[in-house]
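Read through the structure below, which is laid out as structure tokens, and then see the notes.
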Amino acid sequence: SIYRVNLIEKILATLLAKISNFIPEGGIWMNTQRPEWNDANNALVGNGVSMVTLYYLRRFLNFLKDLLSRTGAGKVVVSRELLEFFKGVLKTFEEHRSLLGGTINDTDRKRILDGLGLAGSDFRQGIYEDAFSGNKDELSLQDLQKFIALGLEYCEHAIRANRREDQLYHAYNLMTVENKDEVSISYLSEMLEGQVAVLSSGYLSSRESLDLLDGLKASDLFRPDQYSYLLYPNKDLPLFAEKNNIPEKEVSQSKLLSELVEKENTQIIVKDINGVFHFNGNFKNASDLSEALNDLDPGIYSSLSEDQKRKVLKVFELVFNHKAFTGRSGTFFGYEGLGSIYWHMVSKLLLAVQEVCLKAVSEEADPETVGRLLEHYYEINAGIGVHKSPALYGAFPTDPYSHTPQGKGAQQPGMTGQVKEDILSRFGELGAFVREGRLCFDPCLLRKDEFLTEVKTFAYTDLSNTHKQLDLEPGSLAFTYCQVPVVYQLADLEGMEITFSDGSKAARETHELDAEISRKVFDRTGEVAMIKLHLKEGGLR
Numbered sequence: 453s454i455y456r457v458n459l460i461e462k463i464l465a466t467l468l469a470k471i472s473n474f475i476p477e478g479g480i481w482m483n484t485q486r487p488e489w490n491d492a493n494n495a496l497v498g499n500g501v502s503m504v505t506l507y508y509l510r511r512f513l514n515f516l517k518d519l520l521s522r523t524g525a526g527k528v529v530v531s532r533e534l535l536e537f538f539k540g541v542l543k544t545f546e547e548h549r550s551l552l553g554g555t556i557n558d559t560d561r562k563r564i565l566d567g568l569g570l571a572g573s574d575f576r577q578g579i580y581e582d583a584f585s586g587n588k589d590e591l592s593l594q595d596l597q598k599f600i601a602l603g604l605e606y607c608e609h610a611i612r613a614n615r616r617e618d619q620l621y622h623a624y625n626l627m628t629v630e631n632k633d634e635v636s637i638s639y640l641s642e643m644l645e646g647q648v649a650v651l652s653s654g655y656l657s658s659r660e661s662l663d664l665l666d667g668l669k670a671s672d673l674f675r676p677d678q679y680s681y682l683l684y685p686n687k688d689l690p691l692f693a694e695k696n697n698i699p700e701k702e703v704s705q706s707k708l709l710s711e712l713v714e715k716e717n718t719q720i721i722v723k724d725i726n727g728v729f730h731f732n733g734n735f736k737n738a739s740d741l742s743e744a745l746n747d748l749d750p751g752i753y754s755s756l757s758e759d760q761k762r763k764v765l766k767v768f769e770l771v772f773n774h775k776a777f778t779g780r781s782g783t784f785f786g787y788e789g790l791g792s793i794y795w796h797m798v799s800k801l802l803l804a805v806q807e808v809c810l811k812a813v814s815e816e817a818d819p820e821t822v823g824r825l826l827e828h829y830y831e832i833n834a835g836i837g838v839h840k841s842p843a844l845y846g847a848f849p850t851d852p853y854s855h856t857p858q859g860k861g862a863q864q865p866g867m868t869g870q871v872k873e874d875i876l877s878r879f880g881e882l883g884a885f886v887r888e889g890r891l892c893f894d895p896c897l898l899r900k901d902e903f904l905t906e907v908k909t910f911a912y913t914d915l916s917n918t919h920k921q922l923d924l925e926p927g928s929l930a931f932t933y934c935q936v937p938v939v940y941q942l943a944d945l946e947g948m949e950i951t952f953s954d955g956s957k958a959a960r961e962t963h964e965l966d967a968e969i970s971r972k973v974f975d976r977t978g979e980v981a982m983i984k985l986h987l988k989e990g991g992l993r
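Here this note's numbering = 1-based position in the sequence shown + 452.
Here you go:
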């Protein structure tokens, strides 16, 4: 049967599912949740902690904060079970809020994780066993706003804690349960996905965003030959003979391993002709090793104890570092693998940087910062490749390809999700925005060199599916919005002229349509035939 709830409850269910897996200064614990975009990191599920998810969670919370500030409702009704879940998470946040003033230690980290996790598991178990009761209780808007404000504080504390010395930000981390009272966080290498996500979070200032982009270009993620960015730094994988080698020091410090070597027992450890130690080659994982350790006869091996077994298992993890295995991303060379540019993520970077540029312009950041942010934006755009030569791109530059491996041209033809970011970015460059239901034109990022220097013909398809042509003058450019042609013309005075299908015209001093005319464009009624804007050259880049 269908269980019906309101929009606020649906949003809360989404939020609480993520926040109940929050680990302070680590991110969102991937105990069952997959990575955000890159399924080549799927092996992180279990030990992985996603700052990428947290960066987007911060963006979502900030959006929700703004949305709720404009509602007149004082309360909403939600399922009783979800409200108890909400209260459990809010209680944990409130009890530990004082810790956000500094670094959180492993003990406090575990306490917060337990408080949030128990609230989630109690809710989940209750639904599994008894389903929803159907009872609804009131949730005050004030409590919901308090929850969002606290969630933002915890997210922003974690973001600050994950800034690296090179001005980049951690993407995916690892959690280790040290004992029943402590959880520690360790870090993986830098990833492009993390930089895109933190830029998208909206938390960084214009200056901090510029520092990140400067650091990104100076990092191992930058690939000069394509003037673009790898998903992760390229690396040389160990050769076969370099794998499964146990350091001699670890053997000598282990009573059990030393005794096994002395008695030439090869169930666990083998010494080759070069004197190098290896674990039994039949072991697939730590479970196989544990089983072999349990098969040893304690009557023969005096050093066999639970403590010694644990130490051998630690050496096994030291040698193979299974915990840091991310999946295809760390072992493959094509697709989302090593040395590979995955173009969809570069386009996601482009859109994130555009948002940063628009924010800097709207906040009137200093001209140098705005200028350098725009330099990064257009460099990233150029690196994507539509204007590259076929020799450099490895294919026709206007054709879509998913990725470019090291030493090869573009591979795997076909349109990925990259197309939506590129469309959004282009409309952002053109300055076409919808604000409060009104179509606005504010091309603050547009460059002068995009305008025509000679007469050209613009071809488009109108709303009746008729192919049309429009003669453009020098100093103009054109595009369509909902199949309505929009022409930008350089002029001494700014303004806008709207041509209707009946031949009538309306002039505006601003570059903003009213709600009524905007609706006609959005609904594709055919009543608006063309929009022409006059722009001052000094307002362009």
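The beta carbon of each residue, even a glycine, is placed where N, CA and C say it ideally should be. Bear in mind that the values here come from a model prediction, so they are computed numbers and not experimental data.
With DSSP as the reference, please indicate the residues paired to residue i in a beta bridge.
| i | result |
| --- | --- |
| T909 | D923 |
| N625 | V501, Y639 |
| S928 | Q941 |
| D589 | V530 |
| W481 | V501 |
| N631 | E634 |
| A959 | E949 |
| P865 | Y853 |
| S550 | In the DSSP output, where bridge partners are listed per residue, S550 has none listed. |
| Y933 | V936 |
| C892 | F885, E964 |
| H986 | Q941, G947 |
Using 7 Å as the threshold, is the C-beta distance between residue i and residue j below it?
| i | j | result |
| --- | --- | --- |
| K632 | E590 | no |
| V648 | K588 | no |
| G837 | P852 | no |
| R659 | T821 | yes |
| L656 | I600 | no |
| E949 | K957 | yes |
| L929 | Y912 | no |
| V629 | R561 | no |
| L620 | G654 | no |
| L915 | R878 | no |
| L519 | V541 | no |
| S755 | E711 | yes |
| L942 | E989 | yes |
| L552 | H609 | yes |
| L882 | P895 | yes |
| T932 | A981 | no |
| I611 | P476 | no |
| H963 | F893 | yes |
| L673 | L644 | yes |
| L748 | F768 | no |
Assign residue i to one of two classes, buried (16 or more other C-beta atoms within 10 Å of its C-beta) or exposed (fewer than that).
| i | result |
| --- | --- |
| A959 | exposed |
| L689 | exposed |
| Q705 | exposed |
| T778 | buried |
| N493 | buried |
| Y829 | buried |
| F515 | exposed |
| G987 | Note on identity: in this sequence residue 987 is Leu, with Gly being the wrong assignment. L987 should be labelled buried. |
| N490 | buried |
| G955 | exposed |
| H919 | exposed |
| L770 | exposed |
| T544 | buried |
Can you give the beta carbon distance from residue i to residue j, rounded, assuming they're within the 8 Å contact cut?
| i | j | result |
| --- | --- | --- |
| A834 | Y679 | 7 Å |
| G500 | Y606 | With a Cβ gap of about 19 Å, G500 and Y606 do not count as contacting. |
| S814 | G889 | Rounded, the Cβ-Cβ distance is 19 Å, inconsistent with contact. |
| I480 | L509 | 7 Å |
| V907 | P937 | No, V907 and P937 are not in contact; Cβ-Cβ is about 16 Å, not under 8 Å. |
| M482 | V497 | 5 Å |
| F735 | V703 | So it is not a contact: roughly 16 Å between Cβ atoms. |
| I720 | A744 | 6 Å |
| S638 | L651 | Actually they are not in contact, since the Cβ atoms of S638 and L651 sit about 24 Å apart, beyond 8 Å. |
| Q806 | G880 | 5 Å |
| G782 | H855 | G782 to H855, Cβ: 16 Å. No contact. |
| R993 | L898 | 6 Å |
| S531 | F584 | 6 Å |
If you measure from the beta carbon of residue i to each beta carbon in chain B, is any gap under 7 Å?
| i | result |
| --- | --- |
| T951 | No chain B is present in this structure, which holds just one protein chain. |
Take every Cβ of the stretch 455 to 472, pair it with every Cβ of the stretch 535 to 550, and state whether three or more of those distances are shorter than 8 Å.
yes
Are three or more beta carbon pairs between the stretch 671 to 688 and the stretch 785 to 800 nearer than 8 Å?
yes
Spell out a yes or no on whether the stretch 865 to 879 and the stretch 796 to 809 are touching, meaning 3 or more CB-CB pairs, one atom from each, closer than 8 Å.
yes
Could you check whether the stretch 841 to 848 touches the stretch 770 to 790, counting it as contact only if at least three pairs of C-beta atoms, one from each stretch, sit closer than 8 Å?
no
Do the stretch 695 to 702 and the stretch 719 to 729 touch if we need at least three Cβ pairs shorter than 8 Å?
yes
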